[in-house]
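Set out below in structure tokens:
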């Protein structure tokens, strides 16, 4: 691919919870769910996962600041429920940035960073932050 690509997502991961119950508990429709042991193209999930994601952006300019803020703004009102869910469902919150960099030197590299409010929110809920980068 000759351009950059990226997405940001928040997930709640755990061994023994039902993602459908999490949806009801949080009152938010996930972008996707994964069930431990189910067949997903290319792999078999090792744990259950409830995920809320931005769209996959394909563009020369990818703004992680903006995409991260978009996800956190959807979750802020659910902060107390997320904290309760950690104990009730034995899940871990994860905030993931996935970027594919164009090898075309004429394209800019994605802007990677987080607004203060995003960092504060992720800290308050105890989220693990992971940034995966790949080359096209």
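Residue numbers (the working numbering): 32 to 167. Note that CB positions come from ideal geometry on N, CA and C, so glycine has one too. As the structure is a prediction and not an experimental result, all values here were calculated from the model.
Note on the region 83-145: whole alpha helix (DSSP H) runs with a minimum of 4 residues are 95-106 and 110-119, in chain order.
Across the set 93, 45 and 131, the C-alpha of 45 shows the shortest separation from the C-alpha of residue 80.
In this chain, residue 68 is not harboured by any alpha helix (DSSP H), its DSSP state being neither H nor E. Contact check between the region 120-132 and the region 36-54: three or more CB pairs, one atom from each, fall below 8 Å, which counts as touching.
Around the beta carbon of residue 159, a 10 Å sphere encloses fewer than 16 other beta carbons of the protein chains shown; the residue is thus reported as exposed. Straight across, the Cα-Cα distance linking residue 138 with residue 90 is about 9 Å. Each residue's CA atom was taken as its position, placing residue 109 and residue 73 some 32 Å apart. The continuous beta strand (DSSP E) containing residue 162 extends over residues 159-166. In the three-state DSSP reduction, residue 44 falls in the strand class (E or B). Less than 8 Å divides the Cβ of residue 82 from the Cβ of residue 63.
Around the C-beta of residue 116, 16 or more other C-beta atoms lie within 10 Å, and the residue is accordingly described as buried. The alpha-carbon separation between residue 102 and residue 55 amounts to approximately 19 Å.
Here the alpha carbons of residue 53 and residue 97 stand approximately 26 Å from one another.
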